[in-house]
Amino acid sequence: MTRGRAVRLVWWAAFVAACLVNLVAVYAPSQPTTSDLSIPHADKVGHLVIFAAVAWTGRGVGLPVRPLLGVLVLHAVSSEVIQATVLDDRSGDVYDAVADLVGVAVGALLARVTGVGERRRHDRRALRA
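Going by my numbering, the residue at position 63 of the sequence shown is 67; the numbering climbs one at a time, nothing skipped.
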């Protein structure tokens, strides 16, 4: 296996893991407890991190920015609506949605600052030339 292929495989594994953690955290029938943590707003930090991870690793696998961020924004808002209306043991929270959206922005910004996802786009352009 080449180094490039191994790196792509690691990015895909990280992206799949980030998506799974996000989906479980957001849609689990009962809300994860943070009562043992003494960190104020730990649940909001958790929301930010799980959405940032999906945005960052999504760019790492080379997903286009606009569709990726569009889907994540829709997911952030709709997940809180679903929690409020469909999941009996969960409640939707506007501030959770805000933390989700900030996480999407942080993940996208982190990818841009670190150049994650940019190399593959340039590689595709070079192949077309």
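Ideal Cβ positions, reconstructed from N, Cα and C, are used throughout, including at glycine.
Exercise. Ile86 to Ala112, Cα distance in whole Å?
Worked result: 25 Å
Problem set entry | Endpoints, alpha helix (DSSP H) assigned at Val102 | Val98 to Thr118
Exercise. Sorted by chain position, which residues of the same chain lie with C-beta nearer than 7 Å to Gly62's C-beta, five sequence neighbours on each side aside?
Worked result: The residues Phe19 and Leu72, in chain order, have a CB closer than 7 Å to that of Gly62 in the same chain once the five nearest residues on each side in sequence are set aside.
Problem set entry | Touching by the beta-carbon criterion (3+ pairs, under 8 Å), the region 50-58 and the region 9-16 | no
For this session: Look at the alpha carbon of Ala109 and the alpha carbon of Asp93, and state the distance between them as a whole number of angstroms.
Result: 29 Å
Exercise. Can you tell me where the alpha helix (DSSP H) with Thr61 in it begins and where it stops?
Worked result: Ala46 to Gly64
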